[in-house]
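S.K.: One structure is given below, represented as structure tokens, and several questions about it will come after.
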């Protein structure tokens, strides 16, 4: 363990950071577009990515630096409950296999860039499209901030910026942010798509080495689990209960299951997830990726074990108020040679840059298409859209940076949990619309409002040792009486309100918006007559 700056690890980290920065700028020349001033080119990479590029892009998008930090940290803190991330990714891919190809097809036919574009076209409702866009931006902002938190964790353990005034302390983060902002502005989605190759390769190398090498140094997995069991059996003096468990008790089953299911439903509602899918060049590319993406779930399961290894290695032991978010970076520094520590930290750092870039692009696309063009300047050209999206992506990153530097990190984590709850409330409008036009637009709007209000209210009332409000994502489920994921309960209320009000509104013959899509749009593929010449910008509805 280094008391100061780990020079060797820092040099290796900086070399990889420089490599991906150069790649980010060169990406503007990769698959150069005939018309770069088009949102399809900047925001979706020309909708031209094949199976492997899409696989790396989605992997880099969904398995972030914060995943690398937070999942083992949850295992380190509470044990088995932290493994919910593994089943939820396993559940997610069969679910999204059913509807993402349909979303790709209809988006390709009509030139949709965002999920809110689809909602606007399907239901003929500007209001419903607006709330879907605003929810997406709201849910994405804290997610971007947490990528910067992941970089901060690595810099803290490296010993960089730990002394001096506030500016010098945060200077490395400023520099990382500036480089990220510059190459995203220049290259758009092509930058994270290209960098994702490096990021995912490093992540796989680091995790495979870690799950073999670290247990060998600690005396084997038997000792690792024994040490974890000993820690979790200790009684918390505040709650008079064990601090965690290696196996979930019966009382935690509902919480675990509902959190996994709710998170699975929300995963591909996030705008950055949809952006990665819509960048694919064909419907079959999407289907193939949903079939092979579970390989990342295997990696996630191995990654989670690092939390137990950190316990066995004595990371944070005896340190009052130790930040569990530092468990994995500190484990790597304690157990690996300095040069490989630099490689591991580079994997985490680059793992922040890729998703942060995609998230900022996705948020910018939402603002440009569904707020700026829809309500501020309907006559905006494709070039105007691209320029506004580039500026919006910069502002989104600035907002995330200010959020990280000015607010408590725990608040950022709590908001990200809320983000999952919020984005889940768009599921009924988006996925429901991909299979049926039965729902009434006003009923969907009311259902969304009900889910958002209930979920936020219940989450506000959850306290934890670290905060009085928004301290968790679980509360008692009405009627059932079990403790479960608030987001899933809000989703059920959302769906129930949408169904009941649709029946009422249809009986009252309330006016419905015009549907600009056709049945065949949902199964069209690249090369079909319906998409010949696509994508086209959506000028008006």
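In our numbering, the protein residues as written are 1 to 541.
Glycine included, every Cβ here is placed at the ideal spot set by N, Cα and C.
This one's a predicted model, so the numbers in the text were calculated from it and none came from an experiment.
1. For residue 264, which option in 425, 148, 104, 353 has the closest C-alpha, if you only look at C-alpha atoms?
2. Taking the straight line between their C-alpha atoms, what separation do you get for residue 236 and residue 402?
3. Going straight from the alpha carbon of residue 190 to that of residue 29, what length do you get?
4. Residue range of the beta strand (DSSP E) that residue 476 falls in?
5. Would you call the region 457-473 and the region 510-522 in contact, with 3 or more CB pairs under 8 Å?
6. When burial is assigned at 16 or more other CB atoms within 10 Å of the CB, is residue 7 buried or exposed?
7. May I ask you to report which of helix, strand or coil DSSP gives residue 529?
8. Out of 381, 101, 147, 252, state which residue places its alpha-carbon closest to the alpha-carbon of residue 524.
9. If residue 498 sits next to residue 486, beta carbons under 8 Å apart, how far is it from one beta carbon to the other, in whole angstroms?
10. Along the chain, where does the alpha helix (DSSP H) that runs through residue 150 open and close?
11. Roughly how many angstroms lie between the CA atoms of residue 314 and residue 81, to the nearest whole one?
12. Candidates 347, 41, 227: which alpha carbon is nearest residue 67's?
13. Could you check whether the region 282-297 touches the region 90-109, counting it as contact only if at least three pairs of C-beta atoms, one from each stretch, sit closer than 8 Å?
14. With C-beta atoms as the reference, is residue 195 less than 8 Å away from residue 366?
15. Give the C-beta separation of residue 309 and residue 218 to the nearest angstrom, bearing in mind that I take them to be a contact with Cβ-Cβ under 8 Å.
16. Quick check on the burial criterion: 16 or more other C-beta atoms within 10 angstroms. Buried or exposed for residue 89?
17. For residue 131 versus residue 448, is the C-beta spacing smaller than 8 Å?
18. Measure from the alpha carbon of residue 495 to the alpha carbon of each residue in 400, 231, 451, then state which is nearest.
19. For residue 140, which option in 400, 284, 435 has the closest C-alpha, if you only look at C-alpha atoms?
20. Spell out a yes or no on whether the region 150-161 and the region 379-389 are touching, meaning 3 or more CB-CB pairs, one atom from each, closer than 8 Å.
21. Which one or two residues does DSSP pair with residue 483 in a beta bridge?
22. Based on the DSSP output, what are the partners of residue 236 in its beta bridges?
23. Measure from the alpha carbon of residue 43 to the alpha carbon of each residue in 232, 59, 325, 188, then state which is nearest.
24. Could you tell me the boundaries of the alpha helix (DSSP H) in which residue 408 lies?
25. Which first and last residues belong to the alpha helix (DSSP H) in which residue 199 is found?
26. According to DSSP, what are the bridge partners of residue 49?
27. Measure the C-alpha to C-alpha separation of residue 355 and residue 504 and round it to an integer number of angstroms.
28. Looking at the structure shown, is residue 450 part of a helix, part of a strand, or coil, going by DSSP?
29. Rounded to the nearest angstrom, what separates residue 369 and residue 113 at their Cα positions?
30. Assuming residue 41 is part of the alpha helix (DSSP H), what are its boundary residues?
31. With the cut-off set at 8 Å, would you say residue 421 and residue 455 are in Cβ contact?
32. Who are residue 467's beta bridge partners in DSSP?
33. Assuming residue 522 and residue 434 form a contact by the criterion Cβ under 8 Å, report the distance between their Cβ atoms to the nearest whole angstrom.
34. Can you find the residues in the same chain that come closer than 8 Å, C-beta to C-beta, to residue 325, ignoring five residues on each side of it along the sequence?
35. Assuming contact is defined by CB atoms lying nearer than 8 Å, are residue 118 and residue 103 in contact in what I supplied?
36. Between residue 273 and residue 479, what straight-line distance do the alpha-carbon atoms span, to the nearest angstrom?
M.R.: With the structure as the only source:
1. 425
2. Using only the alpha carbons, I get a separation of about 35 Å.
3. Per the coordinates, the alpha-carbon of residue 190 lies some 9 Å from the alpha-carbon of residue 29.
4. 474-476
5. no
6. Only exposed fits residue 7, as fewer than 16 other CB atoms lie within 10 angstroms of its CB.
7. helix
8. Of the candidates 381, 101, 147, 252, the one whose C-alpha sits nearest the C-alpha of residue 524 is 101.
9. With a Cβ gap of about 18 Å, residue 498 and residue 486 do not count as contacting.
10. 126-158
11. Cα to Cα, residue 314 sits roughly 21 Å from residue 81.
12. 347
13. yes
14. no
15. Between residue 218 and residue 309 the Cβ distance is about 7 Å, and since that is below 8 Å, they are a contact.
16. buried
17. At the C-beta level, residue 131 and residue 448 come within 8 Å of one another.
18. 451
19. 400
20. In short, these stretches do not touch, since the Cβ pair count stays below three.
21. Within the DSSP secondary-structure output, residue 483 pairs in a beta bridge with 476.
22. 241
23. 188
24. No alpha helix (DSSP H) contains residue 408, which DSSP labels as neither H nor E.
25. 190-218
26. In DSSP, residue 49 forms a bridge with 280.
27. Going by the C-alpha atoms only, they are around 42 Å apart.
28. helix
29. Roughly 8 Å between the two C-alpha positions.
30. 39-44
31. Yes, they are a contact pair.
32. In the DSSP output, where bridge partners are listed per residue, residue 467 has 464.
33. 7 Å
34. Apart from the 5 residues on each side of it in sequence, residue 325 sits with its Cβ closer than 8 Å to the Cβ of 69, 70, 73, 149, 153, 409 in its chain, given in chain order.
35. yes
36. Computed Cα separation, rounded: 34 Å.
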